Amino acid sequence: MRTAILSVLTLLLASTGGTAGNAAADEVVIGTGSTSGVYYRLGRAICRLVDRYAEDLSCSALPTAGSVCNLDNVRGGAREFGIVQS
């Protein structure tokens, strides 16, 4: 689990290359799941790491209906990131 979180954090940080000149922080929104579920807690944990270590990023975990919703949102361009079950 720790490796997966670090991998996601690395991808988030790598996806923001070239933003150092921006005045405002870029926002990352992660589609998760219901607020009582594991996906939401995982998304919040990822966002805490992003907020702590990525100066030019602001991260928030968005509650959603789950994997299918997150996949649809990423595919449709409504979201850049979503937690899904394989």
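Numbering-wise (the numbering used here), the sequence shown opens with residue 1289 and increments by one. For every residue, glycine included, the Cβ atom is placed at its ideal position computed from N, Cα and C. Source: prediction; values computed, not measured.
Whole-angstrom distance between residue j and residue i, CA atom to CA atom
{"i": "GLY1354", "j": "LEU1337", "result": "22 angstroms"}
{"i": "SER1374", "j": "GLU1315", "result": "26 angstroms"}
{"i": "GLU1368", "j": "ILE1318", "result": "7 angstroms"}
{"i": "VAL1356", "j": "ALA1333", "result": "21 angstroms"}
{"i": "TYR1327", "j": "LEU1345", "result": "21 angstroms"}
{"i": "ASN1361", "j": "THR1323", "result": "18 angstroms"}
{"i": "CYS1347", "j": "GLY1325", "result": "19 angstroms"}
{"i": "ARG1363", "j": "THR1352", "result": "15 angstroms"}
{"i": "LEU1359", "j": "GLU1343", "result": "28 angstroms"}
{"i": "ILE1371", "j": "CYS1335", "result": "12 angstroms"}
{"i": "ASP1339", "j": "ARG1329", "result": "15 angstroms"}
Local conformation of residue i per DSSP, three classes
{"i": "ILE1334", "result": "helix"}
{"i": "SER1355", "result": "helix"}
{"i": "GLY1364", "result": "helix"}
{"i": "VAL1326", "result": "helix"}
{"i": "ASP1314", "result": "strand"}
Rounded distance between the beta-carbons of residue j and residue i, thought under 8 angstroms
{"i": "THR1320", "j": "ALA1349", "result": "5 angstroms"}
With 16 other Cβ atoms within 10 Å as the buried cut-off, status of residue i
{"i": "TYR1341", "result": "exposed"}
{"i": "GLY1331", "result": "buried"}
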